[in-house]
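> Numbering (our numbering), first residue to last: 883 to 1239. Think of the CB as a built atom: it goes at the ideal place given N, C-alpha and C, for glycine as much as any other residue.
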Ligand code: NAD
């Protein structure tokens, strides 16, 4: 198979972890006889420094021409501390999602048994958890009209959804539920928000097309609580952009760390694969970042964009073998981990590569 993959490392630890996602794709290409060619592009703070634009035209053109994109993260402390900055790294990420029509963000909560004790939750609560989140990605308050009055005493973000935006992601989530345990929980705030009432109405209609899938509707506040109380109750979770952003960070604790969670953003064209974490200024440039989320994002690319399930499995198995052998990065180590088993980004990446069959 011939594929043209664009690597966008972005900022901070994005640069460190994406190196390993790419190396894994190269190794899979060699081992399985695929011709993967790679190009690279800039985005976020790194792109602002060079071009003044968080998503340069050249990056967007390369993205549109590629078969799939492996992305790192964007963000820089300078903007976090200056909310008034007009040009911001995250504008690049929001724009590329919109331009590529990436309306569905899939976030599998993949729980490796070896990491049961890395979570802050009790192992007996976690064991057997397997959740697939579908977060809507191109609507909601993130894209609604933003306002601030002149004397800075009022600001607003418009939360809005069109029926078609809910329909298309709901269908994707139901299709996935059919291939899993046939349970779908739609999370909203329909008791308060008009957008959520439309969301619930549309999901109820789509549910009729999938009588074999059991549908549950849950308010976001309850879902946030249930997720840590009894995560096993969830199979597919379907939710809007803002709720999904927050719930999946919470769910990362089920997998042990933000450094473990991969995601796939898909629409009708090029897929975009990235860890759910950000640029992590606190550990950037220190060889401390966990590269597994980027490596697992590469596995999602193989599976979802290229239909290479066996190759994807070879990557997740290599991650499992690495963990089984006791290797950890700092974020997934605990009080019982021997110091000699705690590795840096590079050393952890090398272990996974060595386990790829
Ligand atoms: P973050 O995800 O960068 O970090 C949160 C915490 O998790 C930090 O303590 C960090 O050290 C840890 N962490 C994250 N990834 C890790 C990894 N791979 N290995 C080990 N530890 C890891 O979130 P934040 O601190 O809220 O934001 C930092 C910057 O990232 C901000 O500028 C924010 O805007 C940006 N951000 C970007 C994205 C994205 O690019 N998709 C997502 C979230 C935040």
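1) For residue 1137, which residues from the same chain have a beta carbon less than 8 Å from its beta carbon, with the 5 sequence-adjacent residues on both sides left out?
2) Do the CB positions of residue 1181 and residue 1202 come within less than 8 Å of each other?
3) Please state whether the Cβ-Cβ distance between residue 1053 and residue 1094 is less than 8 Å.
4) If I follow the unbroken beta strand (DSSP E) through residue 891, where does it start and stop?
5) Starting from the C-beta of residue 1092, find all residues in its chain whose C-beta is less than 6 Å away, skip the five residues before and the five after it, and write them out in chain order.
6) Enumerated in chain order, which unbroken segments of the alpha helix (DSSP H) with a length of 4 residues or greater are wholly contained in the segment 1181-1226?
7) Could you check what DSSP says for residue 1078 in three-state terms: helix, strand or coil?
8) Identify which residue in 964, 1176 and 906 has its Cα closest to the Cα of residue 914.
9) What do you get for residue 1216, buried or exposed, if any count of 16 or more other CB atoms within 10 angstroms of its CB means buried?
10) Using 8 Å for Cβ pairs, my map puts residue 1016 next to residue 1118. What's the rounded Cβ distance?
11) Using 8 Å as the threshold, is the C-beta distance between residue 894 and residue 957 below it?
12) Just to confirm the assignment: which complete beta strand (DSSP E) runs, minimum length 3, are found wholly within the segment 888-940?
13) Give me, in chain order, the residues of the same chain whose beta-carbon lies closer than 7 Å to that of residue 1050; leave out the 5 immediate sequence neighbours on both sides.
14) Taking the alpha carbon of residue 1098 as the point to measure from, which residue in 1128, 1066, 1112 and 1082 has its own alpha carbon closest?
15) Check whether the segment 1020-1027 and the segment 1171-1186 are in contact - that is, three or more C-beta pairs closer than 8 Å.
If we stick to the structure as given:
1) For the purposes of this step, residue 1137 is identified with residue 255 of the chain shown, where counting begins at 1. Sequence-distant partners of residue 1137 (beyond 5 residues in either direction) whose C-beta falls short of 8 Å from its own C-beta, in its chain, are 991, 992, 993, 994, 997, 1001 and 1143.
2) The residue given as residue 1181 occupies position 299 in the chain shown. The residue given as residue 1202 occupies position 320 in the chain shown. Contact flag unset, no.
3) Reading the chain shown from its first residue, position 171 is the one you call residue 1053. Reading the chain shown from its first residue, position 212 is the one you call residue 1094. For residue 1053 and residue 1094, no; Cβs fall outside 8 Å.
4) As a working mapping, residue 891 is identified with position 9 in the chain shown. According to the DSSP assignment, residue 891 belongs to the beta strand (DSSP E) that extends over 884-892.
5) Taking the chain shown and counting its residues from 1, one reaches residue 1092 at position 210. Counting only Cβ-Cβ distances below 6 Å, and skipping sequence neighbours, we find 1056.
6) Positions of the alpha helix (DSSP H) runs, each at least 4 residues long and wholly inside the segment 1181-1226, are given as 1191-1206 in order along the chain.
7) As a first step, residue 1078 is located in the chain shown; it is residue number 196 there, counting from the start. Look at residue 1078 here: in three-state DSSP terms it is helix.
8) Position 32 of the chain shown, counted from the start, is the residue given in the question as residue 914. Ranking 964, 1176 and 906 by Cα distance to residue 914 puts 906 first.
9) Counting from one through the chain shown, the residue named residue 1216 turns up at place 334. Residue 1216 comes out exposed.
10) Within the chain shown, numbered from 1, the residue matching residue 1016 stands at position 134. Within the chain shown, numbered from 1, the residue matching residue 1118 stands at position 236. Right, their Cβ atoms sit about 7 Å apart.
11) In the chain shown, counting from the first residue as 1, residue 894 sits at position 12. In the chain shown, counting from the first residue as 1, residue 957 sits at position 75. For residue 894 and residue 957, yes; Cβs fall inside 8 Å.
12) Counting whole runs of 3 or more residues, the segment 888-940 contains the beta strand (DSSP E) stretches 917-922.
13) Here residue 1050 corresponds to residue number 168 of the chain shown, with the count starting at 1. Once the five neighbours on either side are set aside, the close Cβ partners of residue 1050 are 985.
14) Counting from 1 along the chain shown, the entry for residue 1098 is found at position 216. Out of 1128, 1066, 1112 and 1082, 1066 has the C-alpha closest to the C-alpha of residue 1098.
15) Taking a cut-off of 8 Å for Cβ pairs, the segment 1020-1027 and the segment 1171-1186 do not touch, as fewer than three such pairs fall below it.
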